[in-house]
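Just below is one structure, and these are the notes that go with it.
Chains as they are written, first to last, in full-length UniProt numbering: chain A, 1 to 406; chain B, 1 to 257.
Here is the structure:
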């Protein structure tokens, strides 16, 4: 099926070339890092992890997000999601690749990476994180590719695949739990030392991940004949709304525990992030609160939630809010207040951002190629194709105006 | 053609069997002994520990002097700023004992500087998190580093509640005076974590750690599980505290206040 990725419009090739250029530009910074070491980053003796690890943490959420489409389909037989499943799985593949890449660029001796396998150390959460990430990548490649191939030749999905599908659904929860455990079990890092961190990670993943997926799907609709079935879209938006509410509820629980207990160590990181840090970071953290509030308001109000013109903006606001919280604040809040109760500021350097851009561009490239293949197969099969009125062929809509169709 | 392939597979099987047996054969032929010999003078302990007498050792200059000796002994690079590498250093009371801060503490105690180093915990969180066993706990309780095993993931640095570990962000040899290297101890490469090793290389020769030797009695060193050791003698006679006892790592560096 890979040959489908090779035949595309001029616009498709222009986009691919653009991504390749971004990757090439970013790789110059990575080569610099390979030659000169991690001194090109803003990390320090006190802040030993930085932007790379925080991006990895955020993207694990994206990897886990596809399960919010897959789970209803396979566990509840919610067949409305049927034609969306493949995109969730393919998005997970790209996210896993980005996650693994972010870990590789973060380690000081990448050529010794295989030591993790030669000297397996089950007491280290990093060992388990490697297992779950690679396992999830493998499961999604296997399930996604096999299903799409079966679809293409109009055969039912093979029976032997079932156990792998069910495993992959449960596995999706594990990748986020294990990643949270990476942070959660460390003494002396008050911001992370909380039993609810894994739950917060899952809540944040199940709102931010599907939001990113939906945004990418909307772009996909623009450039292909694929159209999301309206009911699948609506279900997913409701899931996002619930997950975001739970996410912010969990955050409020953290605030209560810290401030009602009045334990300095637990209050310091929060006070630092929202009050004492550099003005730029404080502004960002308050932006997170404001954007979270706006996105929740827009998502829980049916009038706004069902407004498809407003929806992309709602999702963008939500993604920005969750990214500031988990892709930036989580790491900085845990590290900048040091175990000595001093502050060592951290901010990524330009080169760090360039290396990150390289990885994000790689992820975009993987998504583009996989989605191209998936939409081409769907087009061949006539699945979820757009009708002249803008509905999907799965919508049972006889091209009447949208209100009547509902 | 077919015969050739069959012969090849047979040969390959024989070769594989030989490879599997070879190491054991080599061990058998050498009498089963490790070629390395333990120094007869080496000091042994169940758990090495240190007591810092802060009534005697509390000025920045004195501690810096010890740090210099330590860093020279172990070829620790000198790097300015927040990417520094350090095995032994000093800090204020508030930063050393953040959980035991007291606004009405005797001024003199507050003004002292406190010597800091790796605590060689009995229950080290850095060892628990290391994904390659590059950080490991020796039988004598010393938390040691295998610089050749370390992949530079810096998980141990995130896990250490005492900030006792340094990472070589750049080439450490640039921070060394190459004419004054200690040829007895290796230098490091970039991209690996390093830390105080309680001078295992000196203990192996029957000597005390370099800082203890130079401390003029301000540092006591010995086996925590030998009631007759210098450490236990001091712990019996003087009141001591440890850094962050609440995190449960059981640090083996004690402070007389």
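All residues carry an ideal CB built from backbone N, CA and C; glycine is no exception.
Within chain B, the residues 83, 169, 170 have their CB atoms less than 7 Å from the CB of residue 39 (chain A), given in chain order.
When beta bridges are read from the DSSP output, residue 48 (chain B) appears opposite B:223. A direct Cα-Cα distance of roughly 13 Å separates residue 113 (chain B) from residue 65 (chain B). Not a single CB atom of chain B sits nearer than 8 Å to the CB of residue 83 (chain A). Residues of the same chain with a CB within less than 7 Å of the CB of residue 248 (chain A), apart from the 5 flanking positions on each side, are 292, 296 in chain order. Using a CB distance cut-off of 8 Å, residue 115 (chain A) counts as an interface residue toward chain B.
Residue 106 (chain A) sits in a helix when the DSSP states are folded into three classes.
The contact set of residue 44 (chain A) on chain B, defined by CB atoms closer than 7 Å, consists of 82, 83 in chain order. Proximity to residue 324 (chain A) across A:337, A:284, A:142 peaks at A:284, based on C-alpha coordinates. Cβ neighbours of residue 78 (chain B) within its own chain (closer than 6 Å, five residues either side excluded): 175. Note on geometry: alpha-carbon atoms of residue 289 (chain A) and residue 232 (chain B) lie some 54 Å from one another.
DSSP, read as helix, strand or coil, puts residue 116 (chain B) in strand.
Going by DSSP, residue 254 (chain B) is part of no alpha helix (DSSP H) but of the beta strand (DSSP E) stretching over 253 to 256. When the beta-carbon positions are compared, residue 228 (chain A) and residue 217 (chain A) come within less than 8 Å of each other.
For residue 127 (chain A), the C-beta contacts it makes with chain B under 9 Å involve 131, 132, in order along the chain. Nearest neighbour of residue 143 (chain B) by Cα position, chosen from B:157, B:152, B:162, B:121, turns out to be B:121. The beta carbons of residue 354 (chain A) and residue 29 (chain A) sit closer together than 8 Å. Taking C-beta separations shorter than 8 Å and ignoring five residues to either side along the sequence, the partners of residue 197 (chain A) in its chain run 180, 183, 184, following chain order. For the segment 338 to 350 of chain A, the beta-carbon criterion of a distance under 7 Å to any beta-carbon of chain B is satisfied by 338, 339, 340, 341, 342, 344. The alpha carbon of residue 158 (chain B) has as its nearest neighbour, out of A:151, A:124, A:166, A:139, the alpha carbon of A:124.
One alpha carbon belongs to residue 59 (chain B), the other to residue 123 (chain B), and they sit about 30 Å apart. By the CB criterion at 8 Å, residue 272 (chain A) and residue 337 (chain A) fall inside the cutoff.
Residue 109 (chain B) does not reach chain A, its nearest Cβ partner there being about 17 Å away, counting only Cβ pairs nearer than 9 Å. Nearest CB-CB separation between residue 80 (chain A) and chain B: not below the 8 Å threshold. Around residue 353 (chain A), no beta-carbon contact reaches into chain B at under 8 Å, the shortest distance being about 17 Å. With fewer than 16 other CB atoms across the displayed protein chains lying within 10 angstroms of its CB, residue 160 (chain A) is exposed. A direct Cα-to-Cα measurement between residue 119 (chain A) and residue 134 (chain B) gives close to 9 Å. Residue 245 (chain B) carries a helical assignment under DSSP once its states are collapsed to helix, strand and coil. Separation of residue 43 (chain B) and residue 204 (chain B) (C-alpha to C-alpha, rounded to the nearest whole angstrom) is 6 Å. Contact of residue 249 (chain B) with chain A by beta-carbon distance below 7 Å involves 187.
At a Cβ-Cβ threshold of 8 Å, residue 57 (chain A) and residue 329 (chain A) do not count as neighbours.
Near chain B, meaning a CB-to-CB distance below 9 Å, the residues of the segment 235 to 268 of chain A are 264, 265. Non-local beta-carbon contacts of residue 105 (chain A) in its own chain, meaning distances under 8 Å to residues more than five positions away in sequence, involve 30, 33, 52, 355, 359 in chain order. When DSSP reads this structure, residue 166 (chain B) sits in a beta bridge with B:194. Between residue 154 (chain B) and residue 136 (chain B) a beta carbon distance of about 17 Å is seen, past the 8 Å cut, so the two are scored as non-contacting.
Per DSSP, residue 90 (chain B) lies in no alpha helix (DSSP H) segment; the continuous beta strand (DSSP E) that holds it begins and ends at 89 to 91.
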